[in-house]
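Undergrad:
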Amino acid sequence: MQGYKNVERVKPSGLELVDRLVGVQRVTKVTKGGRAFGFSAIVVVGDGNGVVGHGLGKSKDVSSAIAKAVEDAKKNLVRIPILDATLPHEQKGKFGGAKVFLKPASHGTGVIAGGAVRHVLESVGIHDVLSKSQGSSNPHNVVKATFNALLQLRSAASIAKQRGISLEKVFNG
């Protein structure tokens, strides 16, 4: 979460967090004694009201990998600006080979997103959005690209504060 301007980190205490399993992969390590199987799980947690985090957990069995991922996600919680159950403005995000484009939508549109992007947006609490995922479909990179886009979002109030002008002047020049 480093390298982003005005990212507000959130403590998990006192929040009703809901976790969503994005994906589980079976990973294999080949040793001289044969193959050692393990599991890697990626999870997104959010309160449905602008607070969201993602985490990765690895273990020899699925349930403990998921539990580790949830604990990791709770350590990386951030607040995302939401405007009337949608985004304040359109934004592109990129991580590795995955690219994500997010665009605000009018009320009643729903979440037009696939796979990992949908999990992240629903955890944030965004109900109306258009999105397009391009490039890699690897869930790890898609989740991180979505977070990249969400962390670049800025509300009108924060822009007004940063520029030192009134909220009306941001929109009317």
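Going by my numbering, the sequence shown opens with residue 901, and the numbers climb by one from there. Glycine included, each C-beta is placed from N, C-alpha and C at the ideal position.
For G953, tell me which candidate among N1038, P912 and K1032 has the shortest Cα-Cα distance.
TA: The shortest C-alpha separation from G953 is found at P912.
Undergrad: Can you check whether the CB of L917 is closer than 8 Å to the CB of V944?
TA: For V944 and L917, no; Cβs fall outside 8 Å.
Undergrad: Thinking C-alpha only, which one of A1016, K960, V1011 and G1008 is nearest K1044?
TA: For K1044, the nearest C-alpha among the options comes from A1016.
Undergrad: Is the stretch 959-970 touching the stretch 980-996 in the sense that three or more CB pairs, one from each, lie closer than 8 Å?
TA: No contact exists between the stretch 980-996 and the stretch 959-970.
Undergrad: In the structure shown, what three-state DSSP assignment does I966 receive?
TA: Three-state result, I966: helix.
Undergrad: What does the alpha-carbon distance come out to for the pair H1007 and V1029?
TA: Each residue's alpha carbon lies about 9 Å from the other.
Undergrad: Would you decide whether T1046 is buried or exposed? Buried here means 16 or more other CB atoms lie within 10 Å of its CB.
TA: Label assigned to T1046: buried.
Undergrad: Applying the 10 Å Cβ sphere with the 16-neighbour rule, what's the burial state of L1002?
TA: Looking at its Cβ environment, which holds 16 or more other Cβ atoms inside 10 Å, L1002 is buried.
Undergrad: Among N1038, G948, R979 and K929, which one has its Cα closest to the Cα of G997?
TA: Cα-wise, what sits closest to G997 is N1038.
Undergrad: Considering Cα atoms alone, identify which of G1035, K1032, P981 and D947 is closest to I1059.
TA: The candidate whose alpha carbon is nearest that of I1059 is P981.
Undergrad: Assuming contact is defined by CB atoms lying nearer than 8 Å, are T928 and F939 in contact in what I supplied?
TA: Going by C-beta atoms, T928 is not nearer than 8 Å to F939.
Undergrad: Give a yes or no on whether 8 Å exceeds the smallest Cβ distance from K1069 to chain D.
TA: The chain labelled as chain D is not found in the depicted structure, where only one protein chain is given.
Undergrad: Grab me the residues of G1078's own chain with a C-beta within less than 8 Å of its C-beta, minus the 5 sequence neighbours each way, in chain order.
TA: No statement about residue 1078 is possible, as the shown extent of the chain runs from 901 to 1073 and does not include it.
Undergrad: Just checking my contact of A1056 with Q991 at CB under 8 Å: how many whole Å lie between their CB atoms?
TA: The Cβ separation is near 14 Å, so there is no contact.
Undergrad: Is V1042 closer than 8 Å to H1027 when the C-beta atoms are compared?
TA: No, they are not a contact pair.
Undergrad: Rounded to a whole number of angstroms, what is the C-alpha to C-alpha distance between A973 and K932?
TA: Approximately 34 Å between the Cα atoms of the pair.
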